[in-house]
Amino acid sequence: MRIVLLGPPGAGKGTQGKILAEMFGVPHVATGDIIRDHISKRTDFGCKVEAAIAAGNFATDEDINYWVSRRLSEPDARSGYILDGFPRVLTQAQAFRGTVDAVFWLDLPELSAMERIAGRWVCPCCSTVYHLVHCAPRVLGQCDHDATALVKRPEDALDMMRFRLEYNRSQMWPVAEHYAALTSLVMIDAEGDAEAVTERILCELPPMPLAKLDF
Ligand SMILES: [Zn+2]
23 MRIVLLGPPG AGKGTQGKIL AEMFGVPHVA TGDIIRDHIS KRTDFGCKVE AAIAAGNFAT
83 DEDINYWVSR RLSEPDARSG YILDGFPRVL TQAQAFRGTV DAVFWLDLPE LSAMERIAGR
143 WVCPCCSTVY HLVHCAPRVL GQCDHDATAL VKRPEDALDM MRFRLEYNRS QMWPVAEHYA
203 ALTSLVMIDA EGDAEAVTER ILCELPPMPL AKLDF
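So, in structure tokens, the structure goes:
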């Protein structure tokens with residue numbers, strides 16, 4: 023199963039990506055994780071993207087496409103993958119040569135997205151995402167799995183939130199339209215708890231392998 027998850031920040035792409043990946047036994051490929059991994063390992067790409075972020079820019083499409091393609095060519099991705107945060111812009115979608123079975127847009131009103139992002143904390147060690155209200159860790163400020171101190175992602179800071187929501191509207195929506203024209207795009211109501219959203223996605227999954235498309 024090869025799935026692309028699109029939608030505004032806070033819509034639950036990461037949470038659903040992890041759940042679906044486990045369910046189908048395929049990797050959850052999140053560009054955010056790839057980038058954070060490179061930055062923490064101080065690779066050439068990591069240093070380059072860190073400098074770009076500090077200057078208010080993003081990683082280049084060329085770099086992102088290269089690293090995502092490389093990740094998808096690994097043996098564990100042979101039977102599928104869940105793409106989260108990629109393609110983020112139309113040029114990435116147009117350049118992407120991978121196979122996609124289903125594309126979902128996790129739809130969430132902006133106020134709900136802001137509430138989710140504001141309460142979100144992540145574990146820098148295992149990437150588990152928590153929410154102060156909806157999914158609190160057992161010990162405040164500490165990861166349930168490895169007791170690492172939870173942190174806020176820099177992009178979840180209040181002043182970044184509006185920018186990201188606006189950016190999403192202008193950049194990610196064209197990606198959705200691209201897939202709607204090529205194959206199909208399924209809108210998923212992303213309000214409510216994670217299990218309910220997963221159920222909605224599972225109901226909309228195409229019967230395999232009939233809906234399999236290569237482009
Ligand atoms: Zn952890």
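Just so we're aligned, residue 23 is where the sequence shown starts under my numbering, counting upward by one. Backbone N, C-alpha and C fix where the C-beta goes; we use that ideal spot for every residue, glycine too.
Every residue whose Cβ sits closer than 7 Å to any heavy atom of ligand 1 is listed here in chain order: 145, 147, 148, 150, 165, 167, 168 and 170.
Collapsing the DSSP output to three states places residue 43 in a helix. For residue 151, the enclosing beta strand (DSSP E) stretches over residues 151-153. Residue 201 places its beta carbon 8 Å or farther from that of residue 71. If you look at residue 144, you'll find it in the beta strand (DSSP E) that goes 142-144. Annotation for residue 81: 57, 71 and 74 place their beta carbon closer than 7 Å to its own, counting only its chain and skipping 5 residues before and after. Restricted to the region 27-103, the beta strand (DSSP E) segments that are unbroken, complete and at least 3 residues in length are 50-52, listed in chain order. Per DSSP, the continuous beta strand (DSSP E) segment holding residue 124 begins and ends at 124-129. In the structure shown, residue 121 falls within a strand segment according to DSSP collapsed to helix, strand and coil.
DSSP places residue 187 in the helix class (H, G or I) of the three-state scheme.
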